[in-house]
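Visitor:
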Amino acid sequence: MFFDVIDILGTIAFSISGVLVALKKRMDPFGVLIIAFVTAVGGGTLRDVMIGIEPVSWMRNMTIVYVILGSTLFAVVFRKRLSYLRTSLFLFDTIGIGLFTVVGIETGIVAGIHPILCIALGTMTACFGGVIRDILCNEIPVIFRKEVYATACILGGFTYFLLRELTADTNIIFVIAGLVVIVVRLLAVKLQISLPSLYKDEA
Amino acid sequence: MFFDVIDILGTIAFSISGVLVALKKRMDPFGVLIIAFVTAVGGGTLRDVMIGIEPVSWMRNMTIVYVILGSTLFAVVFRKRLSYLRTSLFLFDTIGIGLFTVVGIETGIVAGIHPILCIALGTMTACFGGVIRDILCNEIPVIFRKEVYATACILGGFTYFLLRELTADTNIIFVIAGLVVIVVRLLAVKLQISLPSLYKDEA
Amino acid sequence: MFFDVIDILGTIAFSISGVLVALKKRMDPFGVLIIAFVTAVGGGTLRDVMIGIEPVSWMRNMTIVYVILGSTLFAVVFRKRLSYLRTSLFLFDTIGIGLFTVVGIETGIVAGIHPILCIALGTMTACFGGVIRDILCNEIPVIFRKEVYATACILGGFTYFLLRELTADTNIIFVIAGLVVIVVRLLAVKLQISLPSLYKDEA
Chain V
1 MFFDVIDILG
11 TIAFSISGVL
21 VALKKRMDPF
31 GVLIIAFVTA
41 VGGGTLRDVM
51 IGIEPVSWMR
61 NMTIVYVILG
71 STLFAVVFRK
81 RLSYLRTSLF
91 LFDTIGIGLF
101 TVVGIETGIV
111 AGIHPILCIA
121 LGTMTACFGG
131 VIRDILCNEI
141 PVIFRKEVYA
151 TACILGGFTY
161 FLLRELTADT
171 NIIFVIAGLV
181 VIVVRLLAVK
191 LQISLPSLYK
201 DEA
Chain B
1 MFFDVIDILG
11 TIAFSISGVL
21 VALKKRMDPF
31 GVLIIAFVTA
41 VGGGTLRDVM
51 IGIEPVSWMR
61 NMTIVYVILG
71 STLFAVVFRK
81 RLSYLRTSLF
91 LFDTIGIGLF
101 TVVGIETGIV
111 AGIHPILCIA
121 LGTMTACFGG
131 VIRDILCNEI
141 PVIFRKEVYA
151 TACILGGFTY
161 FLLRELTADT
171 NIIFVIAGLV
181 VIVVRLLAVK
191 LQISLPSLYK
201 DEA
Chain F
1 MFFDVIDILG
11 TIAFSISGVL
21 VALKKRMDPF
31 GVLIIAFVTA
41 VGGGTLRDVM
51 IGIEPVSWMR
61 NMTIVYVILG
71 STLFAVVFRK
81 RLSYLRTSLF
91 LFDTIGIGLF
101 TVVGIETGIV
111 AGIHPILCIA
121 LGTMTACFGG
131 VIRDILCNEI
141 PVIFRKEVYA
151 TACILGGFTY
161 FLLRELTADT
171 NIIFVIAGLV
181 VIVVRLLAVK
191 LQISLPSLYK
201 DEA
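Chains as they are written, first to last, in full-length UniProt numbering: chain V, 1 to 203; chain B, 1 to 203; chain F, 1 to 203.
(1) Give the DSSP-derived three-state secondary structure of G122 of chain F in the structure shown.
(2) Cα-Cα, which of V:E54, V:L23, V:F158 is closest to V77 of chain V?
(3) Does T31 of chain F come within less than 7 Å of chain V when only Cβ atoms are used?
(4) Return yes when the Cβ of A177 of chain B is within less than 7 Å of the Cβ of G156 of chain B, no when it is not.
(5) Is the beta carbon of S15 of chain V closer than 7 Å to that of S57 of chain V?
(6) Smallest Cα separation from R133 of chain F: which of F:F100, F:I8, F:L33, F:T151?
(7) Let's see if you can read the secondary structure: which residues bound the alpha helix (DSSP H) around V65 of chain V?
(8) Closer than 6 Å: is that where the CB of P29 of chain F sits relative to any heavy atom of the ligand COA?
(9) Could you name the residues of chain F that G44 of chain V contacts, counting a contact when the two beta carbons are closer than 8 Å?
(10) Indicate whether A36 of chain B and G18 of chain B have their beta-carbon atoms separated by less than 7 Å.
(11) Thinking C-alpha only, which one of B:G42, B:K80, B:A40, B:V103 is nearest N171 of chain B?
(12) Could you check where the alpha helix (DSSP H) with T87 of chain B kicks off and where it finishes?
(13) Between the UniProt domain "Glycine transporter" (5-79) of chain B and chain V, which residues of the former have a C-beta closer than 9 Å to a C-beta of the latter?
(14) On the criterion of 16 or more Cβ atoms from any shown chain inside 10 Å, does A111 of chain B qualify as buried, or is it exposed?
(15) Quick check on F144 of chain B - is its C-beta less than 7 Å from some C-beta in chain V?
(16) Contact between the region 80-90 of chain V and the region 151-166 of chain V is defined here as three or more beta-carbon pairs at a separation below 8 Å; is this criterion met?
(17) Report buried or exposed for Y66 of chain V, applying the criterion of at least 16 other Cβ atoms within 10 angstroms of its Cβ.
(18) Does the Cβ of E202 of chain V have 16 or more other Cβ atoms within 10 Å, making it buried, or fewer, making it exposed?
(19) Output needed for C137 of chain B: all residues of its chain with C-beta closer than 6 Å, excluding positions within five of it in sequence on either side, in chain order.
(20) Assign E165 of chain V to one of two classes, buried (16 or more other C-beta atoms within 10 Å of its C-beta) or exposed (fewer than that).
(21) Given M124 of chain B, which residues of its chain have a CB within under 7 Å of its CB, disregarding the five upstream and five downstream residues?
(22) Have a look at V:I119, V:G98, V:M50, V:T159 and flag the residue whose alpha-carbon is nearest the alpha-carbon of A13 of chain V.
(23) If we ignore side chains and look at the alpha-carbon of each, how far apart do G31 of chain B and V38 of chain V end up?
(24) Label L89 of chain F either buried or exposed according to how many other C-beta atoms from any shown protein chain fall within 10 Å of its C-beta, with 16 as the threshold for buried.
(25) Can you give me the Cβ contacts of L117 of chain B inside the same chain, cut-off strictly under 8 Å, excluding the 5 residues immediately before and after it?
(26) For V148 of chain F, which option in F:F174, F:A126, F:A168, F:L162 has the closest C-alpha, if you only look at C-alpha atoms?
(27) Could you run through the region 149-160 of chain F and flag, in chain order, every residue whose CB is less than 8 Å away from some CB of chain B?
(28) If I'm right that P55 of chain V touches M50 of chain B with Cβ under 8 Å, what's the distance once you round it to whole angstroms?
(29) Got a sec, what are the start and stop residues for the alpha helix (DSSP H) R81 of chain F sits in?
(30) Does any residue of chain B bring its CB to less than 7 Å from the CB of I193 of chain F?
(31) Helix, strand or coil for Y160 of chain V? Go by DSSP, reduced to three states.
(32) Given this structure, state the Cα-to-Cα distance separating Y160 of chain V from N61 of chain V, to the nearest angstrom.
(33) Going straight from the alpha carbon of F158 of chain F to that of V180 of chain F, what length do you get?
(34) Using 7 Å as the limit for Cβ to Cβ distance, is I132 of chain V near chain F?
(35) Go ahead and pull the three-state DSSP assignment for V49 of chain F.
(36) Identify the continuous alpha helix (DSSP H) that holds F174 of chain V and give its terminal residues.
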């Protein structure tokens, strides 16, 4: 129940971020809807397809579909006022990647995948919706360039498997690993930390 | 039989549209062939992979493969005269998306997918070959920007499920829903209607 | 055993080529890792997903995962000296596409796919890692434009099925078909042959 609420908040944040990028690219309404959709479900879809969970998750969960349709409509109607929501959106988005990371990891564990690859699956679930969004909008995916995003997911993933050595309580593991993702990202943004490009010091 | 012919006409149109875009990008012959291929089968492949129909449809249908190879050869050889065919091509393409939309919807129904998602699958089948073509050619996918394309597919999809409440004759449903897609698109192009970008009125 | 070594050499070469492209785009360390990963496994992943081999191959082969992690670390640390390795890298890469082409073909044969499509699968396995790398970096995939790359794979594929008419010794077929890919590519680069763009002679 608690996690369902967080899942829905994350989906809302991802959908709205899709709408914002699509509007900037002057897409028509259905283009906007499609971008919102892939931003919200792209990462999980890629994960499911690679593992072999088909039909993919969102095809068996109409709640998520309605949440995406609703958030898109909301974001389009109130698009001029979304700047007031910027902070809340960033918070939802950060909570979303925290949750999606852990969901991705647990999906991998259930499928019997090696821990290192489970961390990769968690990171993919959290980040690749945004990657596909940026590719469809013809931009270099933002996660590759600016933000401590994948890094936060990977650290959360390591935390998850460390905790599994210490406790069997999956709820505790879930919450702490998710919090690590969230805190790392919040701190990084707050302190304006980003990983250096390795290329610059070439010069 | 009738539908096989239409399916082949649609595949021809999609292949040739792929060749035209690839030639403009100055690709070499095998690049042109690959772009023609993904334009023709990309949408159906994505649909099949998400539902779990594997090997994907075109791997079990050599007729389609030969049609794509033949159309590509034809389009490359007669590339200087293709402008004379522009109207016929547009017609094939429009018939193609009409058919592909309904095929996508019916594939979803057989797999037990929710109607709203079947409409999404139909739209994906019709439109995402062109989306992948544009991504491979490093352009913002044209369907997100200019034409009443996805919109026509979505309207055809709603028609499909409306008709299912009224009749059990799947042939009639197939033909009418496909015609809705085709007519909406023809009218939109004829009357130069396109959905407004939501961004413009920001200014 | 012999093939395992070649497989690993190919994976190293592909990972490093991913690192080089990602560094040029000024990506952060995790961006670089992700690009290295998709360059090495992207083609095989696409093949596996389309055929229905899931979880995809690299999720069941930790050796490959460690090889990619190690090569990426190596390439990042020694990035300033990689230009000395350019020739060796090109050789690894060429050996890699030779091997990956034949691996892709054999995967298709095992899955009961038609020979023509097996050649397509082999070409996809060898080339699409680089295609996905270039898309993530927002460039027109290089294989579509400059090099005799897909062409070498396709010629190797035809050789594979020709030889199957002549002998039942799959090891011989494997080696000769792989060599055809390698020799065609080496010769083409040596003699600076590339397929002409079909568009130029339009003028």
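We treat Cβ as the ideally placed atom computed from N, Cα and C, and that holds for glycine.
The structure displayed is predicted, hence computed values, not measured ones.
Guide: According to the data block:
(1) By one-based count along the third sequence, residue 122 of chain F stands at place 122. Three-state DSSP puts G122 of chain F in a helix.
(2) Numbered from its first residue, the first sequence carries residue 77 of chain V at position 77. Of V:E54, V:L23, V:F158, the residue nearest in Cα terms is V:L23.
(3) Working through the third sequence from its first residue, we reach residue 31 of chain F at position 31. A small correction: the amino acid at residue 31 of chain F is Gly; Thr does not occupy that position in the sequence shown. It does: the Cβ of G31 of chain F has a partner Cβ on chain V nearer than 7 Å.
(4) In the second sequence, residue 156 of chain B corresponds to position 156, counting from 1. In the second sequence, residue 177 of chain B corresponds to position 177, counting from 1. Yes.
(5) Mapped onto the first sequence, residue 57 of chain V falls at position 57. Mapped onto the first sequence, residue 15 of chain V falls at position 15. For S57 of chain V and S15 of chain V, no; Cβs fall outside 7 Å.
(6) Working through the third sequence from its first residue, we reach residue 133 of chain F at position 133. Here the closest residue by C-alpha is F:L33.
(7) Stepping through the first sequence from its first residue, residue 65 of chain V is reached at position 65. V65 of chain V -> alpha helix (DSSP H) spans 62-77.
(8) Looking at this structure, you won't find the ligand COA or any other ligand, since it has none at all.
(9) The sequence position of residue 44 of chain V within the first sequence is 44, counting from 1. Ordered by position in chain F, no residue passes the 8 Å Cβ test against G44 of chain V, which lies about 15 Å from the chain.
(10) Counted from its first residue, the second sequence places residue 36 of chain B at position 36. Counted from its first residue, the second sequence places residue 18 of chain B at position 18. Yes. Within cutoff.
(11) As a first step, residue 171 of chain B is located in the second sequence; it is residue number 171 there, counting from the start. Closest option to N171 of chain B, Cα to Cα, is B:V103.
(12) To locate residue 87 of chain B, count along the second sequence from 1; it is residue 87. From DSSP, the alpha helix (DSSP H) with T87 of chain B extends over 86-110.
(13) V49, M50, I51, G52, I53, E54
(14) Numbered from its first residue, the second sequence carries residue 111 of chain B at position 111. A111 of chain B comes out buried.
(15) Stepping through the second sequence from its first residue, residue 144 of chain B is reached at position 144. F144 of chain B counts as touching chain V.
(16) no
(17) Taking the first residue of the first sequence as position 1, residue 66 of chain V is located at position 66. When all chains shown are included, Y66 of chain V counts as exposed.
(18) In the first sequence, the residue the question calls residue 202 of chain V occupies position 202. Unreliable positioning characterises E202 of chain V in this predicted model, as indicated by a pLDDT of 44, which lies under 50. The coordinate reading is nonetheless provided below. When all chains shown are included, E202 of chain V counts as exposed.
(19) Against the second sequence, residue 137 of chain B aligns to sequence position 137. Here the set comprises V21, K25.
(20) Counting from one through the first sequence, the residue named residue 165 of chain V turns up at place 165. With fewer than 16 Cβ atoms within 10 Å of its Cβ, E165 of chain V is classed as exposed.
(21) As a working note, residue 124 of chain B is residue 124 in the second sequence. Within the same chain, M124 of chain B has close Cβ partners G43, L46, R47, G104.
(22) Your numbering for residue 13 of chain V matches position 13 in the first sequence. Nearest C-alpha to A13 of chain V: V:G98.
(23) For the purposes of this step, residue 31 of chain B is identified with residue 31 of the second sequence, where counting begins at 1. For the purposes of this step, residue 38 of chain V is identified with residue 38 of the first sequence, where counting begins at 1. Rounded to the nearest angstrom, the two C-alpha atoms are 27 Å apart.
(24) Indexing the third sequence from 1 puts residue 89 of chain F at position 89. Buried, since its Cβ has 16 or more Cβ neighbours within 10 Å.
(25) Taking the first residue of the second sequence as 1, we reach residue 117 of chain B at position 117. Only G108 meet the Cβ criterion.
(26) Start at 1 with the first residue of the third sequence, and residue 148 of chain F comes out as number 148. Ranking F:F174, F:A126, F:A168, F:L162 by Cα distance to V148 of chain F puts F:A126 first.
(27) A150, T151, I154
(28) The sequence position of residue 55 of chain V within the first sequence is 55, counting from 1. The sequence position of residue 50 of chain B within the second sequence is 50, counting from 1. Indeed, because the Cβ distance is near 7 Å, the residues count as touching under 8 Å.
(29) Start at 1 with the first residue of the third sequence, and residue 81 of chain F comes out as number 81. Premise fails: R81 of chain F is in no alpha helix (DSSP H) and is neither H nor E.
(30) Looking up residue 193 of chain F in the third sequence gives position 193. It does not: the Cβ of I193 of chain F has no partner Cβ on chain B nearer than 7 Å.
(31) On the first sequence, position 160 is the one that residue 160 of chain V refers to. Here Y160 of chain V sits in helix by DSSP.
(32) Stepping through the first sequence from its first residue, residue 160 of chain V is reached at position 160. Stepping through the first sequence from its first residue, residue 61 of chain V is reached at position 61. C-alpha separation (whole angstroms): 26 Å.
(33) The residue given as residue 158 of chain F occupies position 158 in the third sequence. The residue given as residue 180 of chain F occupies position 180 in the third sequence. Each residue's Cα considered, the two are about 10 Å apart.
(34) On the first sequence, residue 132 of chain V is found 132 positions in, with the first residue counted as 1. Closer than 7 Å: no.
(35) Position 49 of the third sequence, counted from the start, is the residue given in the question as residue 49 of chain F. Reduced to three states, the DSSP call for V49 of chain F is helix.
(36) As a working note, residue 174 of chain V is residue 174 in the first sequence. First-last of the alpha helix (DSSP H) with F174 of chain V: 170-190.
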